[in-house]
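Quick note on this note's numbering: the sequence shown kicks off at 1223 and runs consecutively. Cβ atoms here follow ideal geometry from the backbone N, Cα and C, with glycine treated the same way.
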Amino acid sequence: MSDTQINFTSSSGQITANDDGITNQQGTATALLSISSPALVNVDITVTVDGLSESLSLPVVGTTLVMDVQDFSALGKSVPIELTLLDSSSQPIEGEAIELTSRLGNPLDNSAPITDSEGKAFASLTTSIEGIEVLSASALNASISSTQKQINIERDVFDLMQTDDNSDPIFQAVPFSETGYVTLIWSEDLIPVSNEAVVLGLTRGVFVSTGTNSAELDTDINGEILIEIEDELEPGAAELTASARDGELSANMQITFIADDPQLISLTALPDSINVTETATVEALVTDALNYPVPNTVVAFSINDQGGGSISPGEVTTDINGVAETTYTPNHSTQTIGAAEIIGTVKSNTSASNNAFITVSEASLGVTIGTGNTSYITKQETSFLVQYIARVTDINGLGIPGANVDVSIAPVEFAKGFFEPTDALNKGQITDPGEYNPIIFDRWKIVVTTDPVCPNEDLNENGLLDPGEDTNGDGVLSPGQVASLDPQVNGEIALTDEYGETYIDIRYPQDHANWVRYSITATITTDQNTVVEDVALPWLPVNIEELTVLDVPPANVVSPWGSSSDCSNIE
């Protein structure tokens, strides 16, 4: 139903109805929900119209909780834990408690640390119980959970972990213009192994101590080696290997060097041309002056669009590939057809800014009507039913599910004549009496006696018998509405399925088969345009089996309007 007031309410956030909540020609009304609290998990939406109401629970997604912790430790050590809580726009959530639990029961110095202005919280675990420890973290009233992390707690340790220059663990990539630090830890039965040589190798970069990709260093009194690595050529991942005692002990890890000086940004819209019912992804690539990707950089997106479209999220942090993505959504109810400009700017260097344009066009739809052969004709007790298919596609030829197809049928013309027995040589019993051979009788054959056929008497197609329209004098419009749409087309509106197709059944009396021809019209209406497909159908078909029964004439053996050659009578 169009032009109907719909009322939207939400349990949280702010919901704003588009077009004041008035339904469009398709009976659809839309609203925009804005969420302000990161603690929300589900928002209940209620829609009310004319005393009727319907509700749904809308999940709010996008908030992330990440836990970083080393994957090994010796017994009796303090293991630092770093937690990061971000909203769906990759912005930090401050002042939230994060619940921490230990499966083995190892002590935590703080089981509910509070996030700071960067969305980070810190704690430490004392490894007093040997085994595989599993740490779990949750936030926002247990609605958001991080991936569980395992720590292998052993009495004997020979392993590597990324640290700062004080051998304290860190969990981040290293700018390739700076020095990266990795600490090797070696202990046996909880006793540090000191003054032992360890052979080191690198797949990228060099060791500061040797200036090459190989080195041999000794453990200190704590059984540790602070390893310094540099890679001044280009960003990338380096594989570090360590071995001792003729290869009996070995360990390896990956350390990543990244570009960290954002100087350039480029934007790409995928796709760059959409209709008002679609969305586009806008991808920003942030690089340094040498075109190396810069991760962990915040990009602020803005929009210049006269049609009222929107982008979300507005700020995104680049990933390890230097890429940040946002989504552009046209305002399909009021969208101005044209180009929307999306602007991306690096927050830490506003001189790095660029744009991309998205062309917004009307929703281009197409509808096609077709059918199969006579095997699609179903015989009822006194009627036939023939099935047609209407397929709705977009500009790319993809089927559109859930589209409303307004269907109508109308008579075009009718014919007069009769059916006669015919032989295999197509000689008729009535029309070819001297040549017809009943011994090789084959089927019933139609004989149309009007040439041309008779036009629909309803000249103005209003369904009423107006003066001057009753050409054959039978007191009614001929042929009239002898066919009807099957009830499956509810109210003459058909709904397309997941393939963009809907089936249209036309039912008609058996005695009118082959004597009337109809047209079918399918109309698709959107807020922007109307697409109409008008197809002249074949003559209402007869089930082929009816024409092969020799002993019983078909119900339509004579046209309902007679068999003479004159359309001005019913003889």
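Under the 10 Å beta carbon count, residue 1396 is surrounded by 16 or more other beta carbons and is classified as buried. With fewer than 16 other Cβ atoms from the protein chains shown falling within 10 Å of its own Cβ, residue 1300 counts as exposed. Straight across, the Cα-Cα distance linking residue 1639 with residue 1498 is about 53 Å. Residue 1255 and residue 1235 do touch by the CB rule: their CB atoms are close to 6 Å apart, below 8 Å. Burial state of residue 1420 is buried, judged by a 10 Å Cβ sphere holding 16 or more other Cβ atoms. Under the three-pair Cβ rule at 8 Å, the stretch 1770-1784 does not count as touching the stretch 1611-1623. In this structure, 1471 is the residue among 1358, 1471, 1675 with its C-alpha nearest to the C-alpha of residue 1378.
In the DSSP assignment, residue 1676 forms a beta bridge with 1636. Judged by their CB atoms, residue 1349 and residue 1328 are nearer to each other than the 8 Å cut-off. DSSP links residue 1517 through a beta bridge to no other residue.
The stretch 1676-1694 makes no contact with the stretch 1751-1761; the number of CB pairs closer than 8 Å stays below 3. In this structure, residue 1272 lies away from residue 1232, with their beta-carbon atoms at least 8 Å apart.
Residue 1769 has no beta-bridge partner at all, per DSSP. A Cβ-Cβ separation of about 5 Å places residue 1742 in contact with residue 1631 under the 8 Å criterion. Cβ-Cβ distances below 7 Å link residue 1340 to 1314 in the same chain, with the five nearest sequence neighbours on each side left out; the list follows chain order.
For residue 1397, the secondary structure class from DSSP, reduced to helix, strand or coil, is strand. Contact annotation: residue 1504 and residue 1523 have beta-carbon atoms nearer than 8 Å. Rounded to the nearest whole angstrom, the C-alpha separation of residue 1787 and residue 1699 is 19 Å.
In this structure, the alpha-carbon of residue 1757 lies about 19 Å from that of residue 1701.
In the DSSP assignment, the residues bridged to residue 1321 are 1360. Shown here, residue 1302 sits in a strand according to DSSP, grouped into three states.
When C-alpha distances from residue 1636 are compared across 1351, 1780, 1453, the shortest belongs to 1780. Between residue 1589 and residue 1547, the alpha-carbon positions lie close to 34 Å from each other.
In the three-state scheme derived from DSSP, where H, G and I count as helix and E and B as strand, residue 1241 is classed as helix.
The DSSP-derived three-state label of residue 1485 is coil. Check the Cα spacing between residue 1448 and each of 1293, 1457, 1384: the tightest is with 1384. If you draw a 10 Å sphere on the C-beta of residue 1703, you find fewer than 16 other C-beta atoms in it, and that means exposed.
At a cut-off of 3 residues, the continuous stretches assigned as beta strand (DSSP E) that sit fully inside the stretch 1639-1725 are 1639-1645, 1663-1670, 1715-1717. Unbroken alpha helix (DSSP H) runs of no fewer than 4 residues, entirely contained in the stretch 1575-1631, are not found. Under the three-state reduction of DSSP output, residue 1313 falls in the coil class, being neither helix nor strand.
In the three-state reduction of the DSSP assignment, residue 1733 falls in the helix class. For the pair residue 1343 and residue 1492, the Cα-to-Cα distance works out to about 37 Å. The stretch 1520-1536 makes no contact with the stretch 1463-1480; the number of CB pairs closer than 8 Å stays below 3. Partner residues in the beta bridge of residue 1497, as assigned by DSSP, are 1583. Take the alpha-carbon of residue 1226 and the one of residue 1724: they are about 26 Å apart. By the neighbour-count criterion, in which 16 or more other beta carbons inside 10 Å mark a residue as buried, residue 1533 falls on the buried side.
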